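S.K.: Chain order of the listed sequences is C and G.
So the first sequence is numbered by numbering that gives the first Met the number 0: it starts at 0 and just counts up by one.
So the second sequence is numbered by numbering that gives the first Met the number 0: it starts at 0 and just counts up by one.
Number of protein chains: 2
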Amino acid sequence: MRNCFRLSMVFIGLIPSILSFSQTPEILRVRNYIQQNQHAILDEYLNFLSIPNTASDSASVQQNANFIMSSMKTRGIQHIQLLESGIDGAAPAVYGEVNTPGATTTIIFYAHYDGQPVNPAQWAKGLSPFKPVLADKGLNDGGQLIALPDAAKPFDPDWRIYARGASDDKGGVMAILNAFTALRESKQKPGCNIRFFFEGEEESGSTHLDKILDRYKDLLKSDCWIICDGPVDLSGKKQVTFGVRGDTHLELTVYGPMRPLHSGHYGNWAPNPAMELVQLLSTMKDGEGKVLVKNFYDDVQPLSAEEKKAIAEMPSMDDKMKMDLGIAAPEIPGKSLMESKMLPSLNINGISSGNTGKMASNMIPTTAVADIDLRLVPGNDWQKQQQKVIDHISAQGFYVVDREPSLAERQQHAKVIWIFRSDGYNAQRTRLDLPFARRVVSAVQSTTKEQVVLIPTMGGSLPLYIFEKILNTPTLTVGIANPDNNQHAENENIRLRNFWEGVETMAALMMIK
Amino acid sequence: MRNCFRLSMVFIGLIPSILSFSQTPEILRVRNYIQQNQHAILDEYLNFLSIPNTASDSASVQQNANFIMSSMKTRGIQHIQLLESGIDGAAPAVYGEVNTPGATTTIIFYAHYDGQPVNPAQWAKGLSPFKPVLADKGLNDGGQLIALPDAAKPFDPDWRIYARGASDDKGGVMAILNAFTALRESKQKPGCNIRFFFEGEEESGSTHLDKILDRYKDLLKSDCWIICDGPVDLSGKKQVTFGVRGDTHLELTVYGPMRPLHSGHYGNWAPNPAMELVQLLSTMKDGEGKVLVKNFYDDVQPLSAEEKKAIAEMPSMDDKMKMDLGIAAPEIPGKSLMESKMLPSLNINGISSGNTGKMASNMIPTTAVADIDLRLVPGNDWQKQQQKVIDHISAQGFYVVDREPSLAERQQHAKVIWIFRSDGYNAQRTRLDLPFARRVVSAVQSTTKEQVVLIPTMGGSLPLYIFEKILNTPTLTVGIANPDNNQHAENENIRLRNFWEGVETMAALMMIK
């Protein structure tokens, strides 16, 4: 309560019109439509989730694009087309539009239809990433898989759909498309011209998004992009996010002996690449979560006073999250979850060498691999940030190559590492006091009795700086998923309540004039 | 040459009769038999390798035991029986005997028929662990898979069989059984009473071997056990090994958040178990291969002057091995391969957390696992050695449990680790000047023109201390495999020349009087 009160004080000058939090009659009509059509809406959603959407599987990517185009066509959306980057093998964005007579505002609604890679073996029993199933609640909370109800019976809002993309971000695509349908079927009109833009390469780093935006610059003129991706606030409240972290990766492969060796016959003599890798990684962070790579934090653009205040007064869910997640203390002592996101990060996404568990055997592995994720904040340049880490690795005595090392190199250098640099992009932050932002926050606020949470920068990454750079258009992110949606990991899911509310949110945004 | 000369000086007092290295007529008769019967011998060997022999697969373990019993029966070996430990689910040893009229010496020939776990995905293209295939040379040296030759055509001795167990240690079982056949079929008689003993649990730590030896103490009276397991010397010379390292393992599981988290939304805040694990492991060794665990080297029994001299004057293959393996420098600077084996070791067999490569995704994993192998030398006690490492882990601030931690424990303790202690056993070393050892070395020497290499302690582990402890009988290890046999790893193989020569070695040992 205290936090809520303080929060309202912060934004009192910003959004004076939304101090009374309520749901408008227009939204209640949208809600009524959704409730009457749950079965049809979910039927389409589940079919969509049944199409694999891993970036590397280009046939499936195309199938997803086709599915969306067909869904748009059914809805009477116009000028449906694939926006191609012109690069062979790149996934297209799916575009469509609805023009509202008399409208002076144009909003582009963005979501992405591709998903993170999957390792089916890691998914819970009964789950398969591309065979969506229902559970009566979160599996982590003792949920059980259940069958679809009969057409006459309603869906419990606490039920969840488990599948890759359920939350990230086919849920976004479905929320946007159904918002448009709900408006029309509830006999309401959009307030603005609507553009639909569904990307197919977000999870692989939006490598060609800049080319698409550049090629279709004229088509993509708008007042604002609404990015429908990510979760609502940890408190369960709706949120509008003004910025995102940038992101890039490094894949590190340390080389040991040319062939796997018996740990008894060669242990203590043949260097173990797993040990070399762990020793290297351990130099990258201290015991208090601080990244020890030289100049790692130097470029960070300081937060404005307004941003600092907003962060300090956001509703804190940290203690509840710690209990839920079994975390005794945050990685950086004393830092809140939101404060932590304002810093660039270095995270081990995965590490692998030899075998563990039942497959473990007494050997010295030939290689050891780690995938590192670097999140960036405003001020950071992704290529510079990569270079800082690479320089750090060199400084630890490693001979660094950018392809598989030769036998001769391995014979000559005691510590050899192949560093694969992935692509990346910088962070982006829209100003909190931008006039269009007020209209967006008002629209979201019109759907809920609880105060909308405003977040200067979210933890996740989207290539939003590109929109500013190429189109000179602001972006605002409005996520809809439950925070425990297991985005990017096994057992990805969406809670139905979050999805229904997400449709309402998107509908409200479409009513902006 | 210099090394050879010095070596002969060391053992001149020990084995005066073998200074002229030659092959006896008896061995040439054995060789002739083998050459005439290559197809039949390999036919049986390949069938044997086709039976999976992973310890956890008890049905297959039984099938292997049946196969051996049937092979023994065909050869007219007597008193064939399974020696059971009396523990449910434990794999039996397979026993048989041949009594030689007038013999005053009894030798037990040991090999094991179980194999290390396999990860078929790691095996080279065209290989499958339990579908043995031939290659025209080592795959690492550009070898190609080839079909079995027609019955009329001979096998090239450089060809290799690829399969789990080819070298470790179904090759041992086959060498022993065929040595007996070769003696008999070449109209020669064993000099001693022969006992066959084929264990089925060696790769899982010989957990019940003590019980079997104890239950069948009377049946297993002998002058010496010959352990046919492991490779010949790196130089390609035959060797007799007087001792083995002990071995035990720890499986370490570090706990992070209860569910996988998006690295953007939670990075910098939710502790990453992979980072905690690499930081822990990095404290266990310094950059020069020295284990930093307190008192790690304290119990080591010093080498005798004779052992030290033998080690110093062994033929050194270190430089060649470094070139072959792409190793620039040994893990412990200045230490030779043989010197390194005289120390206890700590090796990371495997490490795993999240995903790497194509399956990598931006997440904070829930757990991070490492399998650690502790090799022991005389003086070390395996349980004490485990405890030293566990104490070290506690000293790094970890809350240590011996089962999966509860949510409450994870909420209360910043760093939580489950340490699973596997079973283990101590090292063993037979004295170099034992009289029976001279007879064994003489017999091996009778098969080769090159000087037999004598090794005080080999790097590998076998539970040989049990034989001394329960039966008060010395053991000597005579390995036969090529050193690059990929024992314990993917692409395990045996070179046919090594196998044929191994049969000759076993036959010579059976002629000891």
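C-beta: ideal position from N, C-alpha, C; glycine also.
Quick caveat: nothing in here was measured; it's all calculated off a predicted structure.
Using a Cβ cut-off of 8 Å, pull out every chain B residue sitting near C/D483, in sequence order please.
M.R.: This model lacks chain B altogether; the protein chains it does include are C and G.
S.K.: Could you name the residues of chain C that G/R244 contacts, counting a contact when the two beta carbons are closer than 7 Å?
M.R.: Residue numbering aside, residue 244 of chain G sits at position 245 when the second sequence is read from its first letter. Around G/R244, the beta-carbon contacts reaching into chain C at under 7 Å are G263.
S.K.: Starting from the beta carbon of C/A269, find every residue of chain G whose beta carbon is closer than 8 Å, and list them in chain order.
M.R.: Taking the first sequence and counting its residues from 1, one reaches residue 269 of chain C at position 270. Correct list: L324, I326, P329 and E330.
S.K.: Given this structure, state the Cα-to-Cα distance separating C/I76 from C/G142, to the nearest angstrom.
M.R.: By 1-based counting over the first sequence, the position of residue 76 of chain C is 77. By 1-based counting over the first sequence, the position of residue 142 of chain C is 143. Computed Cα separation, rounded: 38 Å.
S.K.: Return the chain-ordered ranges of every alpha helix (DSSP H) run that is complete within the stretch 302-390 of chain C and spans a minimum of 4 residues.
M.R.: 304-311, 317-324 and 336-340
S.K.: Suppose only complete runs of 3+ residues qualify. What are the beta strand (DSSP E) ranges in the stretch 418-491 of chain G, listed by chain order?
M.R.: 452-454, 457-460 and 474-476
S.K.: Please name the residue, chosen from G/Q115, G/G204 and G/A134, that lies closest to G/A123 on a Cα-to-Cα basis.
M.R.: Along the second sequence, read from residue 1 onward, the residue named residue 123 of chain G stands at position 124. Comparing Cα positions, the closest option is G/A134.
S.K.: Straight-line CA distance for G/A162 to C/Y424?
M.R.: Here the question's residue 162 of chain G lines up with position 163 in the second sequence. Here the question's residue 424 of chain C lines up with position 425 in the first sequence. Taking the Cα positions, G/A162 is about 47 Å away from C/Y424.
S.K.: I'd like to know if the stretch 315-324 of chain C and the stretch 348-367 of chain C are in contact, where contact means that at least 3 CB-CB pairs between them fall below 8 Å.
M.R.: no
S.K.: Would you mind sorting C/F10 into buried or exposed? The rule is 16 or more other CB atoms within 10 Å of its CB.
M.R.: Position 11 of the first sequence, counting from 1, holds the residue named residue 10 of chain C. Confidence in C/F10 is poor, its pLDDT being 37 and thus under 50, which makes the residue's placement too unreliable to answer from.
S.K.: Going by C-alpha to C-alpha distance, which of G/S185, G/D228, G/P189 and G/A181 sits closest to G/E198?
M.R.: By one-based count along the second sequence, residue 198 of chain G stands at place 199. Closest option to G/E198, Cα to Cα, is G/D228.
S.K.: What residues in the stretch 97-125 of chain C bring their beta carbon closer than 9 Å to a beta carbon of chain G?
M.R.: Residues of the stretch 97-125 of chain C with a C-beta atom less than 9 Å from some C-beta of chain G are Q115, P116, V117, N118 and Q121, listed in chain order.
S.K.: What does C/D157 reach in chain G if we use C-beta pairs closer than 7 Å?
M.R.: What you label residue 157 of chain C is simply residue 158 of the first sequence in a count that begins at 1. Counting only Cβ-Cβ distances below 7 Å, C/D157 has no contacts in chain G at all, with the closest Cβ about 17 Å away.
S.K.: Buried or exposed for G/A273, going by 16 or more other Cβ atoms inside 10 Å?
M.R.: Position 274 of the second sequence, counted from the start, is the residue given in the question as residue 273 of chain G. Result: buried.
S.K.: Classify C/K383: buried if its beta carbon has 16 or more other beta carbons within 10 angstroms, exposed otherwise.
M.R.: As a position in the first sequence, residue 383 of chain C is number 384, starting the count at 1. Its Cβ having fewer than 16 others within 10 Å, C/K383 is exposed.
S.K.: Helix, strand or coil, according to DSSP, for G/P231 in the structure here?
M.R.: As a position in the second sequence, residue 231 of chain G is number 232, starting the count at 1. Looking at the sequence shown, residue 231 of chain G is not Pro but Val. In the structure shown, the three-state DSSP call for G/V231 is coil.
S.K.: At least one CB of chain C closer than 7 Å to the CB of G/A165: is that the case?
M.R.: Counting from one through the second sequence, the residue named residue 165 of chain G turns up at place 166. Cβ-Cβ to chain C under 7 Å: no for G/A165.
S.K.: Starting from G/Y265, trace the alpha helix (DSSP H) in both directions and tell me its first and last residue.
M.R.: Working through the second sequence from its first residue, we reach residue 265 of chain G at position 266. Its alpha helix (DSSP H) spans residues S262 to Y265.
S.K.: Does the structure place the stretch 292-309 of chain C close enough to the stretch 234-253 of chain G that three or more beta carbon pairs sit under 8 Å?
M.R.: Because the criterion of three Cβ pairs below 8 Å is not met, the stretch 234-253 of chain G and the stretch 292-309 of chain C do not touch.
S.K.: Rounded to a whole number of angstroms, what is the C-alpha to C-alpha distance between C/L375 and G/G266?
M.R.: Residue numbering aside, residue 375 of chain C sits at position 376 when the first sequence is read from its first letter. Residue numbering aside, residue 266 of chain G sits at position 267 when the second sequence is read from its first letter. Roughly 11 Å between the two C-alpha positions.
S.K.: Compare the C-beta of C/N361 against all C-beta atoms of chain G and say whether one is closer than 7 Å.
M.R.: Residue numbering aside, residue 361 of chain C sits at position 362 when the first sequence is read from its first letter. Yes, C/N361 counts as interfacial toward chain G.
S.K.: Please compile the residues from chain G whose C-beta is within a distance smaller than 9 Å of the C-beta of C/V388.
M.R.: Counting from one through the first sequence, the residue named residue 388 of chain C turns up at place 389. Within 9 Å Cβ-Cβ: nothing; C/V388 doesn't reach chain G, min ~14 Å.
S.K.: DSSP beta-bridge partners for C/Y109?
M.R.: In the first sequence, residue 109 of chain C corresponds to position 110, counting from 1. Looking at the DSSP assignment, C/Y109 forms a beta bridge with C/F196 and C/I226.
S.K.: Residues of chain C with CB closer than 7 Å to the CB of G/H487, please, in chain order.
M.R.: For the purposes of this step, residue 487 of chain G is taken as residue 488 along the second sequence, with counting starting at 1. Here the neighbours are H261, S360, N361 and M362.
S.K.: Quick check on the DSSP output: the alpha helix (DSSP H) that includes C/R28 runs from which residue to which?
M.R.: For the purposes of this step, residue 28 of chain C is identified with residue 29 of the first sequence, where counting begins at 1. Note, C/R28: alpha helix (DSSP H), P24 to Q35.
S.K.: Where does G/L495 sit, in a helix, a strand or coil, going by DSSP?
M.R.: Start at 1 with the first residue of the second sequence, and residue 495 of chain G comes out as number 496. The answer is helix: DSSP assigns G/L495 an H, G or I state.
S.K.: Quick one: what does DSSP say C/G95 is sitting in, helix, strand or coil?
M.R.: In the first sequence, the residue the question calls residue 95 of chain C occupies position 96. Reduced to three states, the DSSP call for C/G95 is strand.
S.K.: I believe G/K293 touches G/D167 by the beta-carbon criterion, under 8 Å. Please report the beta-carbon distance rounded to the nearest angstrom.
M.R.: Numbered from 1 along the second sequence, position 294 holds the residue referred to as residue 293 of chain G. Numbered from 1 along the second sequence, position 168 holds the residue referred to as residue 167 of chain G. Actually they do not touch by this definition, with Cβ atoms about 34 Å apart.
S.K.: So what does C/R244 bridge to, in DSSP terms?
M.R.: The sequence position of residue 244 of chain C within the first sequence is 245, counting from 1. C/R244 is bridged to C/S460.
S.K.: In chain G, which residues lie less than 7 Å from C/N346 when you measure between Cβ atoms?
M.R.: Counting from one through the first sequence, the residue named residue 346 of chain C turns up at place 347. By Cβ distance, chain G contributes S262, G266, N271 and I363.
S.K.: Would you say the stretch 328-341 of chain C touches the stretch 216-224 of chain C, given that touching needs at least three Cβ pairs under 8 Å?
M.R.: Segments in contact, no.
S.K.: Is there a Cβ of chain C sitting closer than 7 Å to that of G/T355, yes or no?
M.R.: To locate residue 355 of chain G, count along the second sequence from 1; it is residue 356. At least one chain C Cβ lies under 7 Å of G/T355.
S.K.: Quick one: does G/Q410 have its CB under 7 Å from some CB of chain C?
M.R.: Locating residue 410 of chain G in the second sequence gives position 411, counting from the first residue. Yes, its Cβ sits closer than 7 Å to a Cβ of chain C.
S.K.: So the candidates are C/V477, C/G325 and C/V253; which of them puts its Cα closest to the Cα of C/Y398?
M.R.: Translated into the one-based positions of the first sequence, residue 398 of chain C becomes position 399. Looking at the Cα atoms, C/V253 is the closest of the given residues.
S.K.: Mapping the DSSP letters down to three states, classify G/R214 as helix, strand or coil.
M.R.: By 1-based counting over the second sequence, the position of residue 214 of chain G is 215. Looking at G/R214 - three-state DSSP - the assignment turns out to be helix.
S.K.: Express the C-alpha separation of G/V172 and C/N348 in angstroms, rounding to a whole number.
M.R.: Indexing the first sequence from 1 puts residue 348 of chain C at position 349. Indexing the second sequence from 1 puts residue 172 of chain G at position 173. Cα to Cα, C/N348 sits roughly 45 Å from G/V172.
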